[in-house]
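*Asks:*
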Amino acid sequence: MTLCGYHACLRTPLQRPTKPSSYVGKCLKPLRALLDLADPHLLQYQGAWKKGVIAAVTNRYHEVTSEVLTSVKRTEDSLLKLKRNRRSQVTSNTSGMSDDNKIRLQLALDIEQYLLEVSSLQVANEDVESLVKLSEIGQNAKAVALAQ
């Protein structure tokens with residue numbers, strides 16, 4: 097499932113996520129291939145452009161993830177508002193995790209995996225500001241998903 101595919105999942109029943117999405121391992125695959133092919137004479141520049149590529153990818157990943165989480169929150173708020181307005185006699189199924197929280201948990205798992213992928217390239221979260229921000233929204237999403 098792609099990150100953009102989360103919008104489609106907002107209205108479909110989801111299983112509780114247990115592993116990261118398959119796209120996560122592919123995000124940095126071109127960078128890995130480039131690093132493997134790099135000329136030994138360019139090794140002195142490798143760190144700088146590696147951080148630059150990771151920063152660019154992570155900035156975009158952060159933007160898209162933030163948009164998805166905002167969409168999930170809006171959907172959740174709208175559903176709660178509808179439920180309050182309807183004051184239906186029908187009891188809702190409150191057992192288990194909501195789809196909104198499943199999406200949050202999936203995003204958190206994906207972010208954790210992405211950060212591991214970046215770490216395997218020997219780039220620390222602290223070296224790229226957007227990695228710190230991405231880590232924070234992943235931790236927040238996981239906390240919200242597991243708290244409810």
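Under the numbering used here, the very last position in the sequence shown is 244; numbers go up by exactly one each time. Note that CB positions come from ideal geometry on N, CA and C, so glycine has one too.
Going straight from the alpha carbon of residue 201 to that of residue 219, what length do you get?
*Replies:* Here residue 201 corresponds to residue number 105 of the sequence shown, with the count starting at 1. Here residue 219 corresponds to residue number 123 of the sequence shown, with the count starting at 1. So the alpha carbons of these two residues sit roughly 25 angstroms apart.
*Asks:* Return the chain-ordered list of same chain residues with a C-beta closer than 8 angstroms to the C-beta of residue 211, the five sequence neighbours on each side being excluded.
*Replies:* Locating residue 211 in the sequence shown gives position 115, where the first residue counts as 1. If we look at residue 211 and ignore the five residues flanking it on each side, its Cβ neighbours are 221, 227, 230, 231 and 234.
*Asks:* In the DSSP assignment, find the alpha helix (DSSP H) that holds residue 139 and state where it starts and stops.
*Replies:* On the sequence shown, residue 139 is found 43 positions in, with the first residue counted as 1. First-last of the alpha helix (DSSP H) with residue 139: 139 to 182.
*Asks:* Apply the 10 Å Cβ neighbour rule to residue 114 and answer buried if 16 or more other Cβ atoms are within range, or exposed otherwise.
*Replies:* Your numbering for residue 114 matches position 18 in the sequence shown. Exposed: under 16 other Cβ atoms inside 10 Å.
*Asks:* Indicate the three-state DSSP secondary structure (helix, strand or coil) for residue 187 in the structure shown.
*Replies:* Taking the first residue of the sequence shown as position 1, residue 187 is located at position 91. Annotation note: pLDDT 49 at residue 187 (below 50); position unreliable, coordinate value reported separately. Correct three-state label for residue 187: coil.
*Asks:* Can you give me the Cβ contacts of residue 55 inside the same chain, cut-off strictly under 6 angstroms, excluding the 5 residues immediately before and after it?
*Replies:* The chain is shown from 97 up to 244; residue 55 falls before or after that span and cannot be answered.
*Asks:* Taking 9 angstroms as the threshold (C-beta atoms), are residue 150 and residue 124 in contact?
*Replies:* The residue labelled residue 124 in the question sits at position 28 within the sequence shown. The residue labelled residue 150 in the question sits at position 54 within the sequence shown. For residue 124 and residue 150, yes; Cβs fall inside 9 angstroms.
*Asks:* To the nearest angstrom, how far is it from the Cα of residue 178 to the Cα of residue 146?
*Replies:* Counting from 1 along the sequence shown, the entry for residue 178 is found at position 82. Counting from 1 along the sequence shown, the entry for residue 146 is found at position 50. About 48 angstroms.
*Asks:* Please state the DSSP three-state secondary structure of residue 111.
*Replies:* The residue labelled residue 111 in the question sits at position 15 within the sequence shown. Reduced to three states, the DSSP call for residue 111 is coil.
*Asks:* Keeping to the same chain, check which residues put their C-beta closer than 8 angstroms to that of residue 217; ignore five residues upstream and five downstream.
*Replies:* Within the sequence shown, residue 217 is the residue found at index 121, counting from 1. Here the set comprises 124, 127, 128, 131, 146 and 150.
*Asks:* Does the separation of the CB atoms of residue 164 and residue 203 fall below 9 angstroms?
*Replies:* Within the sequence shown, the letter at position 68 stands for residue 164. Within the sequence shown, the letter at position 107 stands for residue 203. Closer than 9 angstroms, so yes.
*Asks:* When you compare the CB positions of residue 112 and residue 169, do they come within less than 9 angstroms of one another, or not?
*Replies:* As a first step, residue 112 must be located in the sequence shown, where it is residue number 16. As a first step, residue 169 must be located in the sequence shown, where it is residue number 73. The answer is no: Cβ separation not under 9 angstroms.
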